[in-house]
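Trainee:
Numbering (the numbering used here), first residue to last: 197 to 561.
1. Using CA coordinates, which residue listed in 423, 312, 358 is at the minimum distance from residue 338?
2. Give the straight-line distance between the Cα atoms of residue 471 and residue 323, rounded to the nearest whole angstrom.
3. Whole angstroms are fine: how far does the CA of residue 291 sit from the CA of residue 236?
4. Using a Cβ distance threshold of 8 Å, determine whether the region 258 to 274 contacts the region 327 to 335, with at least three qualifying pairs required.
5. Give the single residue among 257, 406, 251, 357 whose Cα lies nearest to the Cα of residue 289.
6. Can you name, in chain order, every residue of its own chain whose Cβ lies under 6 Å from the Cβ of residue 452, other than the five neighbours on each side?
7. Near residue 232, what residues of its chain come up, given a Cβ to Cβ distance below 7 Å and the 5 sequence neighbours on each side ignored?
8. Contact between the region 363 to 380 and the region 245 to 259: three or more CB pairs below 8 Å?
9. Determine, using beta-carbon pairs with one atom in the region 421 to 428 and one in the region 477 to 489, whether at least three such pairs fall under 8 Å.
10. Along the chain, where does the alpha helix (DSSP H) that runs through residue 388 open and close?
11. What residues in its chain sit with their C-beta under 7 Å from that of residue 342, if we drop five residues either side in the sequence?
12. Please state the DSSP three-state secondary structure of residue 406.
13. Compute the beta-carbon to beta-carbon distance between residue 469 and residue 394, rounded to the nearest angstrom, for a pair I have assumed lies under 8 Å.
14. Is it buried or exposed for residue 199, if we count other Cβ within 10 angstroms and need 16 for buried?
15. I need the straight-line Cα distance from residue 412 to residue 374, nearest angstrom please.
16. Buried or exposed for residue 387, going by 16 or more other Cβ atoms inside 10 Å?
17. Quick check: the Cα distance between residue 203 and residue 414, rounded to an integer number of angstroms?
18. Return the residue from the list 305, 347, 416 that minimises the CA-CA distance to residue 361.
19. At the level of alpha carbons, what is the spacing between residue 432 and residue 379?
20. Using a threshold of 7 Å, state whether the C-beta atoms of residue 401 and residue 246 are closer than that.
21. Pick from 228, 243, 214, 258: whose alpha carbon is nearest that of residue 391?
22. With a floor of 4 residues, list each alpha helix (DSSP H) that falls wholly inside the region 476 to 516, ordered by position along the chain.
23. Find the nearest neighbour of residue 376 within the set 404, 336, 317, judged by alpha-carbon distance.
24. According to the Cβ coordinates, are residue 417 and residue 226 closer than 7 Å?
25. Check the C-beta distance from residue 309 over to residue 344 and give it rounded, since I have them as a contact under 8 Å.
26. DSSP three-state call for residue 237: helix, strand or coil?
27. Apart from the five residues on each side of it in sequence, which residues of its chain come closer than 8 Å, Cβ to Cβ, to residue 424?
28. Identify whether residue 619 lies in helix, strand or coil by the three-state DSSP scheme.
29. DSSP on residue 324, reduced to helix/strand/coil?
30. With residue 629 and residue 280 assumed to form a contact (beta carbons below 8 Å), what rounded beta-carbon distance in angstroms separates them?
31. Does residue 300 come out as helix, strand or coil in the three-state DSSP assignment?
32. Would you mind sorting residue 286 into buried or exposed? The rule is 16 or more other CB atoms within 10 Å of its CB.
As structure tokens, then:
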């Protein structure tokens with residue numbers, strides 16, 4: 197009787213973690229799009245999110261250190277600037293351009309175009325030899341590319357400027373996750389835990405995005421009545437509250453991904469990510485995004501390509517040594533590589549969940 201009960205609670209736990217991941221992932225997409233309708237400063241919004249993520253990750257590190265009694269990793273300035281900076285710059289540009297595109301495009305076009313990040317991740321993974329060449333990858337590329345073309349073909353809500361922005365963000369995202377994979381594979385740095393990685397990445401991300409913010413939004417924001425030239429306190433508090441909610445959602449997304457993968461598996465997150473895209477598109481269409489039959493067909497073709505890639509990754513990973521680390525095909529803004537959990541944390545997790553004998557992995561948003 198204990199086995200069925202244990203299985204039931206495992207299923208219940210998995211469903212709960214998936215729903216938590218959906219709430220944060222889908223929630224931040226629609227929330228940022230809603231916020232951009234009245235607050236036309238996406239780069240400033242991103243900077244606020246980075247500051248909140250850094251504060252919450254620092255607080256989480258302090259709690260983890262007090263509970264375990266083990267000091268958290270702190271990199272030297274040389275390692276920090278030489279090894280972390282490239283990843284931070286690429287990550288900042290990816291997130292900044294993605295949020296910027298919300299000023300121009302719909303959620304459906306954003307979601308679909310962001311799915312092309314899989315192509316760029318594959319490309320840079322092959323270049324850096326993180327992915328082995330496979331003839332099926334040609335089919336994956338063709339399916340995703342043709343699906344993206346069909347989705348944008350004769351789209352009534354197509355915007356070229358926004359499309360180029362999010363496509364450029366997807367390209368930079370391929371560089372971002374390749375660099376992140378290489379960064380997290382360096383065991384001597386000790387950044388296998390996503391909280392530690394977030395803590396070290398956020399400051400450099402803030403500094404790399406700040407000049408672009410000054411150039412594009414600095415002057416207009418300084419004269420805006422929403423923040424610096426407010427005449428009443430309530431609009432200022434409202435702006436700060438809405439920005440803080442977005443930052444909390446961003447941190448919650450990364451944390452929910454970590455919980456989902458560490459308590460289940462990387463395959464669970466990959467499959468959940470595919471259905472998340474379906475939920476996002478359906479919800480966007482219900483809220484006003486206009487999509488034709490050929491657009492829906494293109495989305496279905498793209499999902500087939502992504503699903504094929506997930507299946508191939510799962511099949512070939514079973515025939516590889518456990519130490520081999522690869523990039524994931526899906527991420528929440530899409531776009532997240534699945535990274536191996538540190539050895540100590542894997543042992544602690546196995547002690548708490550002895551029914552999960554596979555090597556656990558973690559993600560970084």
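Ideal Cβ placement from N, Cα and C applies to all residues, glycine included. Computed from a predicted structure; not experimentally measured.
Mentor: Per the coordinate set shown:
1. The count along the chain shown starts at 1 and reaches residue 338 at position 142. Of the candidates 423, 312, 358, the one whose C-alpha sits nearest the C-alpha of residue 338 is 312.
2. As a position in the chain shown, residue 471 is number 275, starting the count at 1. As a position in the chain shown, residue 323 is number 127, starting the count at 1. Roughly 29 Å separates the two Cα atoms.
3. The residue labelled residue 236 in the question sits at position 40 within the chain shown. The residue labelled residue 291 in the question sits at position 95 within the chain shown. In a straight line, the C-alpha of residue 236 is about 16 Å away from that of residue 291.
4. no
5. Here residue 289 corresponds to residue number 93 of the chain shown, with the count starting at 1. Of the listed residues, the one whose Cα sits closest to residue 289 is 406.
6. The residue labelled residue 452 in the question sits at position 256 within the chain shown. Hits under 6 Å: 216, 217, 220.
7. Here residue 232 refers to the residue found at position 36 of the chain shown. Closer than 7 Å at Cβ, skipping near neighbours: 238, 298, 299.
8. no
9. no
10. Within the chain shown, the letter at position 192 stands for residue 388. Careful: residue 388 lies outside any alpha helix (DSSP H) and carries neither H nor E.
11. Here residue 342 is taken as the residue at index 146 of the chain shown, counted from 1. 497, listed in sequence order.
12. For the purposes of this step, residue 406 is identified with residue 210 of the chain shown, where counting begins at 1. Here residue 406 sits in helix by DSSP.
13. Numbered from 1 along the chain shown, position 273 holds the residue referred to as residue 469. Numbered from 1 along the chain shown, position 198 holds the residue referred to as residue 394. Not confirmed; about 20 Å, so no contact.
14. For the purposes of this step, residue 199 is identified with residue 3 of the chain shown, where counting begins at 1. When all chains shown are included, residue 199 counts as exposed.
15. Taking the first residue of the chain shown as 1, we reach residue 412 at position 216. Taking the first residue of the chain shown as 1, we reach residue 374 at position 178. Their backbone Cα atoms lie some 28 Å apart in a straight line.
16. The residue labelled residue 387 in the question sits at position 191 within the chain shown. Flag for residue 387 reads buried.
17. In the chain shown, residue 203 corresponds to position 7, counting from 1. In the chain shown, residue 414 corresponds to position 218, counting from 1. Spanning the alpha carbons of residue 203 and residue 414 requires a straight line of approximately 55 Å.
18. As a working mapping, residue 361 is identified with position 165 in the chain shown. Residue 361 has its Cα closest to that of 305, out of 305, 347, 416.
19. Translated into the one-based positions of the chain shown, residue 432 becomes position 236. Translated into the one-based positions of the chain shown, residue 379 becomes position 183. Taking the straight line joining both Cα atoms gives about 39 Å.
20. For the purposes of this step, residue 401 is identified with residue 205 of the chain shown, where counting begins at 1. For the purposes of this step, residue 246 is identified with residue 50 of the chain shown, where counting begins at 1. Their beta carbons are under 7 Å apart, which means residue 401 touches residue 246 by this criterion.
21. Counting from one through the chain shown, the residue named residue 391 turns up at place 195. Out of 228, 243, 214, 258, 258 has the C-alpha closest to the C-alpha of residue 391.
22. 489 to 513
23. What you label residue 376 is simply residue 180 of the chain shown in a count that begins at 1. Comparing Cα-Cα distances from residue 376 to each of 404, 336, 317, the minimum goes to 317.
24. Walking along the chain shown from the start, residue 417 turns up at place 221. Walking along the chain shown from the start, residue 226 turns up at place 30. If you check the CB distance, residue 417 and residue 226 do not come in under 7 Å.
25. For the purposes of this step, residue 309 is identified with residue 113 of the chain shown, where counting begins at 1. For the purposes of this step, residue 344 is identified with residue 148 of the chain shown, where counting begins at 1. Correct: roughly 7 Å between the Cβ atoms.
26. Translated into the one-based positions of the chain shown, residue 237 becomes position 41. Of the three classes helix, strand and coil, the one that applies to residue 237 here is coil, per DSSP.
27. Here residue 424 corresponds to residue number 228 of the chain shown, with the count starting at 1. So the qualifying residues of the chain are 417, 418.
28. Only positions 197 to 561 of the chain appear in this structure, which leaves residue 619 out of reach.
29. Here residue 324 is taken as the residue at index 128 of the chain shown, counted from 1. Annotated three-state conformation of residue 324 is coil, per DSSP.
30. The first residue shown for the chain is 197 and the last is 561, placing residue 629 beyond what the model contains.
31. Taking the chain shown and counting its residues from 1, the one referred to as residue 300 is at position 104. It is coil, neither helix nor strand.
32. As a position in the chain shown, residue 286 is number 90, starting the count at 1. Burial call: buried.
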